[in-house]
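J.: Protein chains in written order, with my numbering: chain U, 1 to 121; chain A, 1001 to 1279; chain H, 2001 to 2290.
We treat Cβ as the ideally placed atom computed from N, Cα and C, and that holds for glycine.
Before anything else, here's the structure in question.
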Amino acid sequence: MKVGISSTGTSLESNVDMRFGRCPYFIIYDTESNDFEHIENQSRQAMGGAGIQAAQMIIDKKVGVVITGNVGPNAHRVLGSANIKIYSGITGTVKDAIEKLKKDEFKETAGPDVPSHFGTG
Amino acid sequence: MILSVASGKGGTGKTTVAVNLALSVGFCQFMDYDVEAPNAAFFLKPDIKHIQKVEMKHPYFLKEVCNACGKCAEFCNFNAVAVAGDEVIFFPELCHGCGGCLLVCPEGAVREKDVEIGKIKKGFSKPGINFYMGDLKPGYMRTISVQAALDKFIEKDILIIIDCPPGTSCPMVFSVKDSDYCILVTEPTPYGLNDLLISIEVLKDMGIPYGVIINRDGIGNDEVENYCRKNNIKILLKIPNDMEVAKYYSRGESMLDYDISWKGKFENILKEIKKDVRK
Amino acid sequence: MKQITIISGKGGTGKTTIASNFIKLARDHIAVDSDVDAANLHILLDPKIKETKDFIGGAVAEVSDECTNCGECENLCRFEAISNSSSDIKIDPIRCEGCGVCEYVCPVDAIKLESNNQGYYYTSESSFCTLVHAKLNPGAENSGLLVTRVRNVAEDIANNQNKKAIIIDGAPGIGCPVISSLNGVDYAMIVTEPTLSGIGDFIKVFEVTKFFNIKTFACVNKYDINLNNTEKIYDFCLKNDIELIGKIPYDDKVSICLSNRKFIIDEPSSEAGKEIKKIWEKVKEYLYPN
């Protein structure tokens, strides 16, 4: 299964970024092969709909689980429609987050964490 | 003649100048182009006779026809459409109404409907002012669309006074674009000077003649005045800082209500301007 | 990390004066000037620019010589940005929204969306904190997009340096730059004045913060120029669950201080300065909850 993590940097030592749509990078981690790649988050440059665009990218990457700080309602809706699991409110390094995910220590986020930005996020 | 009243910095007295000029001249068409914060009506107190909606088009998607191919989402430059699973998700607040999704849909699954983004209000103010204002609906980033709707009402062969939005970006440029002359209202502070310089750059680029009114003269320093003198920029008027004027303003009363001698001063400005107009 | 944006609806109510003084009083913070087409925060903060970046704005359509003047694009453009009055197609960059419909329909591929430099943004150091600010080219578009860029930089720095707060000086109005400056912030502080225009614009900009579900404070500047109107603002706040965080009296010293490039909070005899300090004490409780 592929995991998408919003990240402040390009390595597993980077921190989980609190912003989903506007994080600088996504780390895409494969839990079966333990391989990962980083993707520069182009959507952070968008004036509006960054979360929507980032979610669309995550879907296109066939990711099954998202780990991040905060998810707004728009991104939440798009990810939810594609049946992607969301774990939010996560801090610490990307590596720790993946370990915790593997040990099944996270609880799935039911709704958006941040109030509606009316789509400009 | 189209005469616009602008300023880089907000709150320097654009509306005060525009309104008092209109009241002094008596007969003109007044257009409030500050559609994000239209305030001239507080002073001109027009008898609003006609309200017209400004609308844009939003798409909607026919579920039974759509096969979630994703072409609409791919086309949309504003991220207003996403396709997830077998579903199209539309975010109306991001939509610019370009009609692109309708154009690219191979299945004919997109339809459109009208959505209100603001209003144009028309009325009459004493003594002989034809009043128009645009009013943008909060939450919609459609400033220019409402201004473009106002453009359609500009008459010919009459003095048009345009009250512009602050700043120097697109809404300001759109408001002054057809002007024969622009009055820049500023205040004698470092903020006022900084923003005056940017506004002058915009007007120079556009080839619009301009002059300066210094409002609240006496509050800060003389940097603005020195700059204008040095660069041969016409100072049309200085309005002294006066607590009484501020109190009249706060109640929606004009400078003419406070002191009728302002009428002559504003009429003189117009004479001064006519020497320099573009056409 | 908490973020607060200072806005007003109506211009000239004192946003930048209050923001500048807050920035001097705060700690562990980053400052942002999001009034990118008439930026003034740098005047008092007097920062040294450390890094300058090109701002490439949103795309607008450009037409090439291959155009056969068929008029298809003009028919479909919803923004009246394309005119065909003379012998060739002209695109008005002020009206063009960069949707790409003309590019899509052009049968000879004569139209392309192009992005150009529309200004610069800067990371600077002042004596109090890092300031991220920008200069939009005069008359340029995409001020909202530039605000997004500036805020991205500020958030990145705050994340990397573990800063506790970002203080954002907003733009007047309720349009693109204002909405971009409010996106995702924790608090909005509306600075208003007791004039009919001030109240009208206060209500409009509050509609926006309500829309975004942002906890909103109100501050009445020059409250004593019309006590009746100040009362009306109080009533409105009470009815709409807006926390009234302070009222600042009219004070000649504010402009004098500014003209001497001084902070009003450093002027011991200024009533306005004293009040701004009091307001900061309340804002501080929210920005630094622990």
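1. Among residues of its own chain, excluding the 5 on either side of V1095 of chain A, which ones have a beta-carbon nearer than 6 Å to its beta-carbon?
2. Report all residues from its chain with a CB closer than 6 Å to the CB of K85 of chain U; omit the five preceding and five following residues, and keep chain order.
3. By DSSP's criteria, S2291 of chain H is part of a beta bridge. Which residues make up the other side?
4. First and last residue of the alpha helix (DSSP H) that includes G2198 of chain H?
5. Under 9 Å between C-beta atoms, does I86 of chain U make it to chain A?
6. Check each candidate in H:D2037, H:T2005, H:R2027 and H:Y2288 and name the one with the smallest Cα separation from G2139 of chain H.
7. Would you kindly report the start and end of the unbroken alpha helix (DSSP H) that includes Q42 of chain U?
8. Note down, one range per segment and in chain order, each beta strand (DSSP E) of at least 3 residues found wholly within the stretch 2058-2094 of chain H.
9. Here's the rule I'm using: 16 or more other beta-carbon atoms within 10 Å means buried, otherwise exposed. How should A1941 of chain H be labelled?
10. Under 9 Å between C-beta atoms, does Q56 of chain U make it to chain H?
11. Cβ of T2230 of chain H within 9 Å of Cβ of Y2121 of chain H?
12. Just list the residues that DSSP pairs R1251 of chain A with in beta bridges.
13. Are the C-beta of A82 of chain U and some C-beta of chain A separated by less than 9 Å?
14. Assign N2075 of chain H to one of two classes, buried (16 or more other C-beta atoms within 10 Å of its C-beta) or exposed (fewer than that).
15. Chain A partners of T2261 of chain H, CB-CB under 8 Å?
16. Could you check which residue in U:N83, U:D60, U:M47 and U:S88 has the C-alpha nearest to that of M1141 of chain A?
17. Please work out which residues of its chain come closer than 7 Å, Cβ to Cβ, to C1101 of chain A, disregarding the five sequence neighbours upstream and downstream, and give them in chain order.
18. Among A:R1229, A:G1099, A:A1246 and A:P1171, which has the Cα closest to the Cα of S1007 of chain A?
19. Pull up the CB-CB distance for V2208 of chain H and S2180 of chain H, whole angstroms please, since I reckon it's below 8 Å.
20. In whole angstroms, what is the alpha-carbon distance linking G2198 of chain H and G2144 of chain H?
21. Can you give the beta carbon distance from V1224 of chain A to G1192 of chain A, rounded, assuming they're within the 8 Å contact cut?
22. Taking the beta strand (DSSP E) that V1083 of chain A falls in, what are its first and last residues?
23. Apart from the five residues on each side of it in sequence, which residues of its chain come closer than 6 Å, Cβ to Cβ, to D2092 of chain H?
24. In chain order, what residues of the same chain have a beta carbon less than 8 Å from the beta carbon of G119 of chain U, not counting five sequence neighbours either side?
25. What are the start and end residues of the alpha helix (DSSP H) that includes E1087 of chain A?
26. What do you reckon, are the CB atoms on T93 of chain U and E13 of chain U nearer than 9 Å?
27. Contact check, Y29 of chain U vs V3 of chain U under 8 Å by CB: the rounded distance?
28. At which residues does the beta strand (DSSP E) containing E2114 of chain H begin and terminate?
29. Report yes if the CB atom of I1129 of chain A is closer than 9 Å to the CB atom of P1046 of chain A, and no otherwise.
30. Counting only C-beta atoms, is N2116 of chain H closer than 9 Å to chain U at any point?
31. Would you list the residues sitting across from A1006 of chain A in a DSSP beta bridge?
32. In the DSSP assignment, what are the bridge partners of M2189 of chain H?
33. By a C-beta neighbour count over all protein chains shown, 10 Å radius and 16 as the cutoff for buried, is H76 of chain U buried or exposed?
34. Using the DSSP secondary-structure output, state which residues sit across from N2226 of chain H in a beta bridge.
35. When the Cα atoms are used, what is the spatial distance from P1127 of chain A to V1025 of chain A?
36. According to the Cβ coordinates, are K1263 of chain A and L1270 of chain A closer than 9 Å?
T.: So, from the listed chains and residues:
1. As a position in the second sequence, residue 1095 of chain A is number 95, starting the count at 1. Val is not the amino acid found at residue 1095 of chain A; the sequence shown has Cys there. Annotation for C1095 of chain A: H1058 and A1080 place their beta carbon closer than 6 Å to its own, counting only its chain and skipping 5 residues before and after.
2. As a first step, residue 85 of chain U is located in the first sequence; it is residue number 85 there, counting from the start. The answer, listed in chain order, is V65 and E108.
3. Past the edges of chain H, shown from 2001 to 2290, lies residue 2291 of chain H, and the structure says nothing about it.
4. Walking along the third sequence from the start, residue 2198 of chain H turns up at place 198. Residues L2196 to F2211.
5. Against the first sequence, residue 86 of chain U aligns to sequence position 86. So, not an interface residue.
6. Stepping through the third sequence from its first residue, residue 2139 of chain H is reached at position 139. It is H:D2037 whose Cα lies nearest to the Cα of G2139 of chain H.
7. Residue numbering aside, residue 42 of chain U sits at position 42 when the first sequence is read from its first letter. Note, Q42 of chain U: premise wrong, no alpha helix (DSSP H); not H, not E.
8. As far as the stretch 2058-2094 of chain H is concerned, its whole beta strand (DSSP E) runs of at least 3 residues are 2060-2063.
9. Lying before the first or after the last residue shown, residue 1941 of chain H is absent from chain H, which here runs from 2001 to 2290.
10. Your numbering for residue 56 of chain U matches position 56 in the first sequence. For Q56 of chain U, the answer is no, since every Cβ of chain H falls outside 9 Å of its Cβ.
11. The sequence position of residue 2230 of chain H within the third sequence is 230, counting from 1. The sequence position of residue 2121 of chain H within the third sequence is 121, counting from 1. Not in contact: T2230 of chain H and Y2121 of chain H (Cβ atoms no closer than 9 Å).
12. Position 251 of the second sequence holds residue 1251 of chain A. Residue pairing by DSSP places R1251 of chain A in no beta bridge whatsoever.
13. As a working mapping, residue 82 of chain U is identified with position 82 in the first sequence. For A82 of chain U, the answer is yes, since a Cβ of chain A falls inside 9 Å of its Cβ.
14. Indexing the third sequence from 1 puts residue 2075 of chain H at position 75. Exposed, by the Cβ-count rule.
15. Counting from one through the third sequence, the residue named residue 2261 of chain H turns up at place 261. Reading the sequence as shown, one finds Arg at residue 2261 of chain H and not Thr. In chain order: P1190.
16. For the purposes of this step, residue 1141 of chain A is taken as the residue at position 141 of the second sequence. Ranking U:N83, U:D60, U:M47 and U:S88 by Cα distance to M1141 of chain A puts U:M47 first.
17. Residue mapping note: residue 1101 of chain A aligns to position 101 of the second sequence, counting from 1. Cβ contact annotation for C1101 of chain A (same chain, cutoff 7 Å, sequence separation greater than five): P1059, C1072, F1075, C1076, V1081 and V1110, in chain order.
18. Indexing the second sequence from 1 puts residue 1007 of chain A at position 7. Per the Cα distances, A:P1171.
19. Sequence index remark: in the third sequence, residue 2208 of chain H carries index 208 (1-based). Sequence index remark: in the third sequence, residue 2180 of chain H carries index 180 (1-based). That belief does not hold up - the Cβ atoms of V2208 of chain H and S2180 of chain H are roughly 11 Å apart, past 8 Å.
20. For the purposes of this step, residue 2198 of chain H is identified with residue 198 of the third sequence, where counting begins at 1. For the purposes of this step, residue 2144 of chain H is identified with residue 144 of the third sequence, where counting begins at 1. C-alpha separation (whole angstroms): 23 Å.
21. The residue labelled residue 1224 of chain A in the question sits at position 224 within the second sequence. The residue labelled residue 1192 of chain A in the question sits at position 192 within the second sequence. That belief holds up - the Cβ atoms of V1224 of chain A and G1192 of chain A are roughly 6 Å apart, short of 8 Å.
22. Numbered from 1 along the second sequence, position 83 holds the residue referred to as residue 1083 of chain A. For V1083 of chain A, the enclosing beta strand (DSSP E) covers residues V1081 to A1084.
23. Position 92 of the third sequence holds residue 2092 of chain H. The residues are A2081.
24. Here residue 119 of chain U is taken as the residue at index 119 of the first sequence, counted from 1. Low confidence applies here, because G119 of chain U scores a pLDDT of 40, under 50, leaving its location unreliable and the question unanswered by this model.
25. On the second sequence, position 87 is the one that residue 1087 of chain A refers to. Per DSSP, E1087 of chain A belongs to no alpha helix (DSSP H); it is in the beta strand (DSSP E), E1087 to F1090.
26. Here residue 93 of chain U is taken as the residue at index 93 of the first sequence, counted from 1. Here residue 13 of chain U is taken as the residue at index 13 of the first sequence, counted from 1. Taking 9 Å as the Cβ cut-off, T93 of chain U and E13 of chain U qualify as a contacting pair.
27. Numbered from its first residue, the first sequence carries residue 29 of chain U at position 29. Numbered from its first residue, the first sequence carries residue 3 of chain U at position 3. About 5 Å separates the beta carbon of Y29 of chain U from that of V3 of chain U, a gap short enough to meet the 8 Å contact definition.
28. Indexing the third sequence from 1 puts residue 2114 of chain H at position 114. Segment I2111 to E2114, the beta strand (DSSP E) holding E2114 of chain H.
29. Numbered from its first residue, the second sequence carries residue 1129 of chain A at position 129. Numbered from its first residue, the second sequence carries residue 1046 of chain A at position 46. Cβ atoms of I1129 of chain A and P1046 of chain A: closer than 9 Å.
30. As a first step, residue 2116 of chain H is located in the third sequence; it is residue number 116 there, counting from the start. No, N2116 of chain H does not count as interfacial toward chain U.
31. Numbered from 1 along the second sequence, position 6 holds the residue referred to as residue 1006 of chain A. Partner(s): A:L1184.
32. Taking the first residue of the third sequence as position 1, residue 2189 of chain H is located at position 189. Looking at the DSSP assignment, M2189 of chain H forms a beta bridge with H:I2006 and H:F2217.
33. Within the first sequence, residue 76 of chain U is the residue found at index 76, counting from 1. The residue is buried, with at least 16 neighbouring Cβ atoms inside 10 Å.
34. By 1-based counting over the third sequence, the position of residue 2226 of chain H is 226. Bridge partners of N2226 of chain H: none, in fact.
35. Residue mapping note: residue 1127 of chain A aligns to position 127 of the second sequence, counting from 1. Residue mapping note: residue 1025 of chain A aligns to position 25 of the second sequence, counting from 1. Distance between the alpha carbons of P1127 of chain A and V1025 of chain A is about 9 Å.
36. What you label residue 1263 of chain A is simply residue 263 of the second sequence in a count that begins at 1. What you label residue 1270 of chain A is simply residue 270 of the second sequence in a count that begins at 1. No. Outside cutoff.
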